[in-house]
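Numbering (mature numbering (1 follows the signal peptide of the UniProt record, and there is no 0)), first residue to last: -17 to -1, 1 to 779.
Here is the structure we will look at, set down as structure tokens.
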Amino acid sequence: MDYFLLLCSLLLPVVSTVEETLMDTTWATTELAWTAHPETGWEEVSGYDDAMNPIRTYQVCNVREVNQNNWLRSDFIPRKDVLRVYVEMKFTVRDCNSIPNIPGSCKETFNLFYYESDSDSATATSPFWMENPYVKVDTIAPDQSFSKLDAGRVNTKVRSFGPLSKAGFYLAFQDLGSCVSLISVRVYYKKCSTTIANFAVFPETATGAEATSLVIAPGTCVPNALEVSVPLKLYCNGDGEWMVPVGACTCSAGFEPAMKDSQCQACNAGTFKSKQGDGFCIPCPPNSRTSSGASTVCSCRTGYYRSDTDSPDSACTTIPSSPRNVISIVNETSLVLEWSEPRDLGGRDDVLFNVICKKCLPERGMCSRCDDNVDISPRHLGLTQRRVTVRNLQAHTQYSFEIQAVNSVSNKSPYSPQFSTVNITTNQAAPSAIPTVHLMSATASTMSLSWLPPEKPNGIILDYEIKYHEKDQGEAIAHTMTAQRSNARIEGLKAGTSYVVQVRARTVAGYGRYSSPAHFSTNLQTDPPKSWQEQFPLIVGSITASLVFIIAVVVIAIVCLRKQRNGSESEYTEKLQQYITPGMKVYIDPFTYEDPNEAVREFAKEIDVSCVKIEEVIGAGEFGEVCRGRLKLPGRREIIVAIKTLKVGYTDRQRRDFLSEASIMGQFDHPNIIRLEGVVTKSRPVMIVTEFMENGALDSFLRLNDGQFTVIQLVGMLRGIAAGMKYLSDMNYVHRDLAARNILVNSNLVCKVSDFGLSRFLEDDPVRSDLHEHPGESGCLCVHSGVAVATNFVCL
């Protein structure tokens, strides 16, 4: 027996013993007719018990004769699958000393035997009347013997035997010379009766083969109860007593213990129990109810709800009322909104606020959502504080702002969130800052400047103010001048001196903010003034050089086209990156900035990393992986995008070169140029986000679908590429790496020029400088179908 069973056997029983009788001679109403050997031995005698009920007994008293061996065998007793049985014997024994003139062989005991058999096959001679094949159980001795026949005291003895294995057995009693009266014999077995413990029912179970045996009885949970541990069992010991159960059941949700933990009854109406366990049903939480029994949750009353994170025990709550005491402070095109908490929080403490901006058109009598450029700080949704600042509104425009109060159950309500509305009209605002100032040319005493108008003029630009001072001196001695257009010439400067220049615009509302300080230097040597006659040859030479340059460009283009048709290669000239006509939008080289990061901020929109979701890697680029993902900007629908990431461990130069492509792409706006969505520079990894082109690169797309396109489709694709390259030429940008691998194709077969990061590498990177030696890779575009497309200067 292991330690666990031994421990269980020492525990107190939980149910008293139950006995099941197999045979009892006191029930006999006729002769027992047991078999006796020899016939002169045991004798069946009728008598009466203490209650004067007739009984059948056997007695023997041949004490005056020596060498007695008298046997008495019962009828066949079926076992009923019992492993161990008990025999209760009631008898009297005559004291040998009270019998005169007897030999010394007188006994005061008798022996109990049993014999197993699969059938009732015993006869008067079989089995033989001896200890083997009979099995001796014990020698039975009285507690008291009697000396007179009328003074006999009944003795009761109980013996057990087992294990039994056959269909049944016989009992046998052996007398070796005593004076015995066998009043009654009862054969029975012990069992553990059906019981309920820990909400589990254990069936009736017979004891084991040995007195120390423990029989396992499996249990089943009572109705409406579930197991909390397995296996569920109870031990029945050899005395027919249940030991402490192993495992337990508890009442299911919606039911509670009853009848001393023997039943699980349903919760009454108006109460509930949300979890399985020993707990009892409790009344419904506030603002909830139940009309039926056995409820596991109380449903909320109309207009009240539970959030997805609320437990069934939580009270039902409702949406908050509208915010109160909304205050608005307008400052030109900016606005500050403040408000107080709602009067009714709906019974919750997780109230948040949303600010919805709407731009109103009085002439149309309607309002629509504000543009994405309107900045609501710190954010417009999910506010915990009760104050926001709104910027970038349009001047002299009516706006309507809704301040909504929401909580965790607002999405459960069929009604819109409660809100308060404030209507405002913005004032006249000064123009925004000039984006960037550029140096067009410089002499020893002059600088020619140009700049782009402010993105938000907020009115008609009256003029521009240029402020400049020497870099080593402070703004206190700065000089100013005005200009009517977006360019100016500053004269009277010192030779070889660095100057700090800033420009601002003026409208009727006043001056706007100055541009960021730009640092420019004059030339070292002073050119002596020349007369018109002296300058004339120089002018003629310049015009001649210009004509030669134009002729050279045309010749190069023609050679490129011919080489393209003959399978040879072409070569590009240096990239043109300057203004041709003041005020005309042209490409600006980001590397002309003293701080290249300023170019990124000017030309590329910063995207919050939470708006970008990378889904899978689709390739590898110069600086890292190329991925497909999704972009969800506030107020816009979600779109699929391509994402270039900067690999870990980059240097400052690699980061600058990586983002320079975004600074270039951000300046282009054409249906055949890949569109830049924005950049992520304030978190890791650094990303460039562009539109997604479903069919990938043109070279692999044509190889994969060779022969599947019509001439019209191919010409349409080529015209798109040519249109994109013409746009770049008009912008004074030289691509330098036009090839089929750098043309992307979308699902509508629209071709778009991409990969704008090569021009700077051609100067710095010896690995990629070989493209100068292979103009077919950088100048002309050769497509798989054998059709040639344009360079920057030549189209089909």
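Note that beta-carbon positions come from the ideal geometry of N, C-alpha and C, so glycine has one too.
Because the structure is a prediction, the values reported are computed rather than measured.
Pick from A459, S196, N580 and G160: whose alpha carbon is nearest that of I82? Position 99 of the sequence shown, counting from 1, holds the residue named residue 82. If we check each option's Cα against that of I82, G160 comes out closest.
Which one of K140, I265 and S29 has the shortest CA to CA distance from F93? By 1-based counting over the sequence shown, the position of residue 93 is 110. Looking from the CA of F93, the closest CA among K140, I265 and S29 belongs to K140.
Shortest alpha-carbon distance to A582 belongs to which of T664, F129 and F606? As a working mapping, residue 582 is identified with position 599 in the sequence shown. Answer by Cα proximity: T664.
Need the endpoints of the beta strand (DSSP E) that I123 sits in, please. Translated into positions along the sequence shown, residue 123 becomes position 140. Residues V118 to I123.
Going along the chain, which residues of its own chain have a beta-carbon closer than 7 Å to the beta-carbon of E321, five neighbours each way excluded? Residue numbering aside, residue 321 sits at position 338 when the sequence shown is read from its first letter. Only I310, R369 and R370 meet the Cβ criterion.
Take T203 and list the residues in its own chain whose beta-carbon comes closer than 6 Å to its own, dropping the five residues that flank it on each side. For the purposes of this step, residue 203 is identified with residue 220 of the sequence shown, where counting begins at 1. Excluding positions up to five away in sequence, the list reads V184.
Who are the Cβ neighbours of N251 in its own chain at under 8 Å, not counting the five residues just before and after it? Here residue 251 refers to the residue found at position 268 of the sequence shown. Excluding residues up to 5 positions away in sequence, C264 and G276 lie with their Cβ nearer than 8 Å to the Cβ of N251 in the same chain.
P37 bridges to which residues according to DSSP? Against the sequence shown, residue 37 aligns to sequence position 54. Residue pairing from DSSP places P37 in a beta bridge opposite Y31.
From F96, T122, S305 and A124, pick the residue whose C-alpha is nearest to that of residue 782; which is it? Given that the chain is displayed from residue -17 to residue 779, the structure contains no residue 782 and the question cannot be resolved.
Can you tell me the Cα-Cα spacing of C267 and A249, whole angstroms? Translated into positions along the sequence shown, residue 267 becomes position 284. Translated into positions along the sequence shown, residue 249 becomes position 266. C267 and A249: Cα-Cα distance of roughly 15 Å.
Output the distance between the C-alpha atoms of L721 and Y447, rounded to the nearest integer angstrom. For the purposes of this step, residue 721 is taken as the residue at position 738 of the sequence shown. For the purposes of this step, residue 447 is taken as the residue at position 464 of the sequence shown. Cα to Cα, the separation comes out at about 40 Å.
In chain order, each beta strand (DSSP E) run of at least 3 residues that lies wholly inside the stretch 188 to 226: The stretch 188 to 226 contains these whole beta strand (DSSP E) runs: 198 to 201, 208 to 210 and 216 to 219.
Do you know how far the Cα of S428 is from the Cα of E474? Sequence index remark: in the sequence shown, residue 474 carries index 491 (1-based). Sequence index remark: in the sequence shown, residue 428 carries index 445 (1-based). Distance between the alpha carbons of E474 and S428 is about 6 Å.
May I ask you to report which of helix, strand or coil DSSP gives L642? As a working mapping, residue 642 is identified with position 659 in the sequence shown. DSSP places L642 in helix when its eight states are reduced to three.
Rounded C-alpha distance that separates T195 from S290: In the sequence shown, counting from the first residue as 1, residue 195 sits at position 212. In the sequence shown, counting from the first residue as 1, residue 290 sits at position 307. Distance between the alpha carbons of T195 and S290: 59 Å.
Give the C-beta separation of T300 and R326 to the nearest angstrom, bearing in mind that I take them to be a contact with Cβ-Cβ under 8 Å. The residue labelled residue 300 in the question sits at position 317 within the sequence shown. The residue labelled residue 326 in the question sits at position 343 within the sequence shown. At roughly 15 Å, the Cβ-Cβ gap does not stay under 8 Å, so T300 and R326 are not in contact.
Looking at I590 and G661, is the spacing between their C-beta atoms short of 7 Å? As a position in the sequence shown, residue 661 is number 678, starting the count at 1. As a position in the sequence shown, residue 590 is number 607, starting the count at 1. Going by C-beta atoms, G661 is nearer than 7 Å to I590.
Where P436 falls: helix, strand or coil (DSSP): Taking the sequence shown and counting its residues from 1, one reaches residue 436 at position 453. Assigned with DSSP and collapsed to three states, P436 falls in coil, not helix or strand.
Compare the C-alpha of Q246 against each of N729, N181, N580 and Q696 and name the closest. In the sequence shown, counting from the first residue as 1, residue 246 sits at position 263. Of the candidates N729, N181, N580 and Q696, the one whose C-alpha sits nearest the C-alpha of Q246 is N181.
Cut-off 7 Å between Cβ atoms - residues of its own chain near R472, not counting five sequence neighbours on either side: As a working mapping, residue 472 is identified with position 489 in the sequence shown. Here the set comprises T429 and S431.
Buried or exposed: which applies to L165, given that a residue is buried once 16 or more other Cβ atoms fall within 10 Å of its Cβ? The residue given as residue 165 occupies position 182 in the sequence shown. By the neighbour-count rule (16 or more Cβ atoms within 10 Å), L165 is buried.
Output yes or no for whether 7 Å exceeds the beta carbon distance between G223 and K149. Here residue 223 refers to the residue found at position 240 when the sequence shown is read from its first residue. Here residue 149 refers to the residue found at position 166 when the sequence shown is read from its first residue. Cβ atoms of G223 and K149: not closer than 7 Å.
R136 to S167 span [Cα, whole Å]: Stepping through the sequence shown from its first residue, residue 136 is reached at position 153. Stepping through the sequence shown from its first residue, residue 167 is reached at position 184. Distance between the alpha carbons of R136 and S167 is about 14 Å.
Quick one: using the 10 Å Cβ neighbour count with 16 as the cut-off for buried, is A705 buried or exposed? As a working note, residue 705 is residue 722 in the sequence shown. Buried, by the Cβ-count rule.
Beta strand (DSSP E) containing R307: first to last residue? Counting from 1 along the sequence shown, the entry for residue 307 is found at position 324. Start and end: R307 to N314.
Should the stretch 395 to 403 be called in touch with the stretch 350 to 358, which here means at least 3 C-beta pairs below 8 Å? Counting C-beta pairs closer than 8 Å gives fewer than three between the stretch 395 to 403 and the stretch 350 to 358, which falls short of the contact rule.
If you draw a straight line from the alpha carbon of P437 to that of T673, how long is it in whole angstroms? Counted from its first residue, the sequence shown places residue 437 at position 454. Counted from its first residue, the sequence shown places residue 673 at position 690. Approximately 26 Å, taken between the alpha carbons.
Report the three-state DSSP secondary structure of Q246 (helix, strand or coil). Here residue 246 refers to the residue found at position 263 when the sequence shown is read from its first residue. Three-state result, Q246: strand.
With distance defined between alpha-carbon atoms, name the residue in L217, W225 and V205 nearest to C234. Reading the sequence shown from its first residue, position 251 is the one you call residue 234. Comparing Cα positions, the closest option is V205.
So V373 and C340 are in contact, right, with Cβ under 8 Å, and what is the actual spacing, rounded? Here residue 373 refers to the residue found at position 390 of the sequence shown. Here residue 340 refers to the residue found at position 357 of the sequence shown. For V373 against C340, the beta-carbon gap comes to about 7 Å, under 8 Å, which counts as contact.
When DSSP labels each residue in this structure, what does F692 get in the three-state scheme? In the sequence shown, the residue the question calls residue 692 occupies position 709. In the structure shown, F692 sits in coil (DSSP, three-state: anything other than H, G, I, E or B).
Tell me, which residues are paired with K140 by DSSP? The residue given as residue 140 occupies position 157 in the sequence shown. M72.
Can you tell me which of R47, R658 and A388 puts its alpha carbon nearest to the alpha carbon of M676? Along the sequence shown, read from residue 1 onward, the residue named residue 676 stands at position 693. Nearest option by C-alpha distance: R658.
Identify the residues that DSSP records as bridge partners of V663: which are they? As a first step, residue 663 is located in the sequence shown; it is residue number 680 there, counting from the start. According to DSSP, V663 bridges with M670.
Enumerate, from N- to C-terminal direction, the unbroken alpha helix (DSSP H) stretches of 4 or more residues contained entirely within the stretch 81 to 112. Those alpha helix (DSSP H) runs which fall completely within the stretch 81 to 112 and span 4+ residues do not exist here.
Outcome for I541 when other beta-carbon atoms lying within 10 angstroms are tallied against a minimum of 16: Position 558 of the sequence shown, counted from the start, is the residue given in the question as residue 541. The predicted model places I541 with a pLDDT of 45, which falls under 50 and marks its position as unreliable; any figure quoted below should be read in that light. Its Cβ having fewer than 16 others within 10 Å, I541 is exposed.
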